[in-house]
Amino acid sequence: TQKCFNTNTLPPKSLPGGTIVDLPELASILVSDRVYRTYKFLCAMARGIPIVGQPYLEEVQRRRELVDPWDFILADGEMERRFKFSLKKSLQLASEAKIFQDYSMFVTPSTKPPPDELQ
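If you're matching positions, the sequence shown starts at 1 in full-length UniProt numbering and goes up one per residue.
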C-alpha cells in the first residue's frame with residue numbers, strides 16, 4: 001500500500017489503496033495546494049517523494065485506485081519563478097541522490113522552520 005501524506009488540503013473521504021499518515025517521514029506522497037517552506041514540504045523535497053496537487057486526489061477518486069503521482073506533480077508557477085527553481089526537476093534530482101548529503105548546516109534561532117524541526 002502506498003502511503004499518502006496530506007497537508008493544506010481537505011482530506012479525502014477515502015483514499016483507495018492508500019493511507020493518510022501524520023508524519024512526513026512515513027509518507028510516500030505529499031498533497032499540497034502550493035509550494036510552502038514548511039517542515040513537511042521541505043522534508044518531502046529532501047526525500048524526493050512526489051508532491052502533488054488536488055488533481056491527483058480527484059483522479060484517484062475518479063478511478064477508485066491509486067495512480068502514478070509523478071504524472072500529477074504540483075505546479076506553482078508563481079513560487080517557482082520567485083525562488084528560481086523547478087519543483088519537478090528538484091524532486092527528480094532529490095529522488096536520485098540525497099540533496100544535503102555530506103553537507104553541514106548551521107541554523108540560527110530565528111531560522112524558519114525552527115531549528116528543532118530541521119534536525
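We put the beta carbon where it would ideally sit given N, CA and C, even for glycine.
8 Å Cβ cutoff met for residue i and residue j
{"i": "residue 16", "j": "residue 60", "result": "yes"}
{"i": "residue 51", "j": "residue 87", "result": "yes"}
{"i": "residue 34", "j": "residue 94", "result": "no"}
{"i": "residue 84", "j": "residue 37", "result": "no"}
Counted within 10 angstroms of its Cβ, other Cβ atoms place residue i as buried (16 or more) or exposed
{"i": "residue 97", "result": "exposed"}
{"i": "residue 109", "result": "exposed"}
{"i": "residue 45", "result": "buried"}
Of the listed residues the options, nearest to residue i (C-alpha basis)
{"i": "residue 71", "options": "42, 79, 56", "result": "56"}
{"i": "residue 19", "options": "115, 81, 66", "result": "66"}
Residues of its chain near residue i, where Cβ-Cβ distance is below 6 Å and the 5 sequence neighbours each way are ignored
{"i": "residue 75", "result": "none"}
{"i": "residue 43", "result": "24"}
Same chain only: Cβ atoms within 7 Å of residue i, ignoring 5 sequence neighbours per side
{"i": "residue 114", "result": "none"}
{"i": "residue 73", "result": "50, 51, 52, 87, 88, 91"}
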